[in-house]
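The next block holds one structure in the form of structure tokens; read it before the comments.
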Amino acid sequence: MRRSTLAALVATAVVLAAPAAAQAINVYAATSLTNVFPALNKSPRYNFGGSNTLQAQIERGAPADVFAAASPNEAQALFREGLCTRPVTFAINRLVLLIPNANPGHISSVYSLRSGGRRVSIGTAGVPIGAYTRQLLRRMRLSSILSSNTVSQQTNVGQVSAQVATGSADAGFVYYTDALAVKDRTKMISLPKWAQPPVRYQICTVRRPGVDTRGAQAFIRQVTGNAGRSALKHYGFGLPPRG
Amino acid sequence: MHRFMELSRGQFLRFGASGVVAAAGGALMGGTARAALPTATPQGDDVGFLTFGVVAERTALAFYRKALTTPGLFNAAERRRLTAARAAKRDHVNKLNSVLGADAVGASDYQVDFPKSAFSSRDRAVALGIELEKLLVGVYVFGAGYSADPGTRLLISRLLTVDGQLLGTLRQMAGKPAADGMPVPLSTEQAGAALDKLITVPGSPGGG
Chain A
3 MRRSTLAALV ATAVVLAAPA AAQAINVYAA TSLTNVFPAL NKSPRYNFGG SNTLQAQIER
63 GAPADVFAAA SPNEAQALFR EGLCTRPVTF AINRLVLLIP NANPGHISSV YSLRSGGRRV
123 SIGTAGVPIG AYTRQLLRRM RLSSILSSNT VSQQTNVGQV SAQVATGSAD AGFVYYTDAL
183 AVKDRTKMIS LPKWAQPPVR YQICTVRRPG VDTRGAQAFI RQVTGNAGRS ALKHYGFGLP
243 PRG
Chain B
585 MHRFMELSRG QFLRFGASGV VAAAGGALMG GTARAALPTA TPQGDDVGFL TFGVVAERTA
645 LAFYRKALTT PGLFNAAERR RLTAARAAKR DHVNKLNSVL GADAVGASDY QVDFPKSAFS
705 SRDRAVALGI ELEKLLVGVY VFGAGYSADP GTRLLISRLL TVDGQLLGTL RQMAGKPAAD
765 GMPVPLSTEQ AGAALDKLIT VPGSPGGG
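Protein sequences, first through last, are from chains A and B. Here our numbering is used: the first residue of the first sequence is 3, the next is one more, and so on. Here our numbering is used: the first residue of the second sequence is 585, the next is one more, and so on.
So, in structure tokens, the structure goes:
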């Protein structure tokens, strides 16, 4: 009798546990989080991309459980549409100018780009890195460099840093953390503090039928908790004050 | 009809260029006070002057606050002037941010870090204030010349008038004439390098 009860309990536990173990949550995250999130937690299925692209996928019903964007715009838009919970800021970044080690464009500062004739890689206007770059250039009164140089527009920041690292571009505007990821092949040039737009990463639980709310909330707790903050710091991100 | 003032160089220096600018501005505005002024709608890179303005005005606001809360640096008459300057800075930040709209610079976006010795003496504090107002005046002079939008040029000119006066006040506190010639235009590149030494971005990675 006891044995059969125990066996039944074990069988029930296995049946209940199996789906949870088998179904990893889906985390849709900005490209610049490509290294840090898997290092923090290998279990979720990750979909990295431009935050605006991921936002559009979620709006079309993609099976995301968590959304982590490189700017508040995308997560806040989903929140307003009732498609995710109130987003929280979990990381901070800044923009830098990335150049290849060989520096074929002879670039010593961002102002070198005023003379034109270089190959410059930037994000498209819709993706956060592209929007931040344009905002920074307007603030520095350098928007003209987008017409005086040969500009290549990429749909995510990873493509911008790859273009510079492979020498396909003389310079590119990327996040500090992306520059760190290719530091063996590139050099970074700091950009003025006064002109930096505030780069804030926000995360939320997606609202859709069938979402794994518990799993998503656990992941967000991990990202915003001590382990997450340590991992983010290790990969070069700045941190907001503890909320 | 506009009234023009004629002053000798000596009178100009005694009165102070900022006073002349203010008086001339007042005379001009008197004749056109009822005319509609163009609203600032910055075009393209005009926002550069305004963004620099907000960050530098906020830094100057922090300077006046610190100057007023550091005991023993200024006498009662000077404190009244500094109090008025502090109010002007607050007003400038609000005006600039209202024009910038979605591009407004938040109070938490930057943190002001003055050198430790900046307020160790009256002379050092005044020198810092002069440096800050010079940056603002220089960039506003540049902006008045190079902004594309007439309304933005007007806004910058009005800010320049006030900041020119504040610069004159600080120079007088330092025992100098209120003006020492025409203000030097500064690009945001030149002025930004100086301003960057006084600010940090909270939470920014890599010491940036």
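C-beta: ideal position from N, C-alpha, C; glycine also.
| query | result |
| --- | --- |
| Whole-angstrom distance between A668 of chain B and I109 of chain A, CA atom to CA atom | 45 Å |
| Against chain B: residues of the region 73-102 of chain A by CB proximity under 7 Å | I94, N95 and R96 |
| C-alpha gap between S145 of chain A and Q198 of chain A, whole angstroms | 14 Å |
| Beta-bridge pairing of K189 of chain A - partner residues as DSSP gives them | A:I101 |
| Three CB pairs or more closer than 8 Å across the region 206-221 of chain A and the region 140-155 of chain A | no |
| First through last residue of the beta strand (DSSP E) which encompasses R121 of chain A | R121 to G125 |
| Length of the line joining the Cα atoms of T188 of chain A and A173 of chain A | 10 Å |
| N95 of chain A versus T87 of chain A - alpha carbon distance | 23 Å |
| Secondary structure of G787 of chain B, DSSP reduced to three states | coil |
| Beta strand (DSSP E) runs contained entirely in the region 112-170 of chain A, provided each spans 3 or more residues | 121-125 and 152-156 |
| Cβ neighbours of V29 of chain A in the same chain (closer than 6 Å, five flanking residues each side left out) | P46, Y48 and V68 |
| Rounded distance between the beta-carbons of A651 of chain B and L719 of chain B, thought under 8 Å | About 17 Å separates the two Cβ atoms, so there is no contact after all. |
| Classification of A777 of chain B by the beta-carbon crowding that lies within 10 angstroms, buried from 16 upward | exposed |
| Inside the region 659-688 of chain B only - alpha helix (DSSP H) runs reaching at least 4 residues | 660-684 |
| Span separating the alpha-carbon of L712 of chain B from that of A702 of chain B | 7 Å |
| Residues in the region 752-781 of chain B having any Cβ partner in chain A nearer than 7 Å | T772, E773, G776, L779 and D780 |
| Min CB distance S788 of chain B to chain A below 8 Å | yes |
| Closest by C-alpha distance to S149 of chain A, when choosing among A:P74, A:N103 and A:R121 | A:R121 |
| is_contact[G792 of chain B, chain E] using C-beta, thresh 8 Å | Given the protein chain composition of this structure (A and B), no chain E is represented. |
| E717 of chain B burial status per 10 Å Cβ neighbour count (16 or more: buried) | buried |
| Which of helix, strand or coil DSSP assigns to R96 of chain A | coil |
| Opening and closing residue of the beta strand (DSSP E) in which F50 of chain A lies | R47 to G51 |
| R737 of chain B, buried or exposed, once every other Cβ within 10 Å from all chains shown has been counted against 16 | buried |
| Beta-carbon spacing of P102 of chain A, A167 of chain A below 8 Å | yes |
| Other residues of its chain near L100 of chain A: CB distance less than 7 Å, five sequence neighbours each side excluded | S163, V166, A173, G174, V176, A181, T188 and M190 |
| Chain B contact residues for L241 of chain A, given Cβ-Cβ distances below 9 Å | G787 and P789 |
| Counterpart residues of I205 of chain A in DSSP-defined beta bridges | A:A70 and A:V90 |
| Contacting positions in the region 191-211 of chain A - beta carbon closer than 7 Å to chain B | S192, P194, K195, W196, A197, Q198 and P200 |
| is_contact[G238 of chain A, chain B] using C-beta, thresh 8 Å | yes |
| Cβ-Cβ separation, V677 of chain B to V723 of chain B (assumed contact under 8 Å), whole Å | Contact flag wrong, Cβ pair sits at about 15 Å. |
| Beta carbon proximity, D629 of chain B to chain A, threshold 8 Å | yes |
| Cutoff 7 Å; reference G628 of chain B; Cβ partners in own chain excluding five residues on either side | A732 |
| Reference K673 of chain B, options B:T784, B:L743 and B:A763, closest by Cα | B:L743 |
| Nearest neighbour of L666 of chain B, chosen from B:F698, B:G752 and B:N681 [CA to CA] | B:G752 |
| Min CB distance R136 of chain A to chain B below 8 Å | no |
| Near-chain A residues of the region 624-649 of chain B - C-beta to any C-beta below 7 Å | G628, D629, V631, G632, T635, F636 and V639 |
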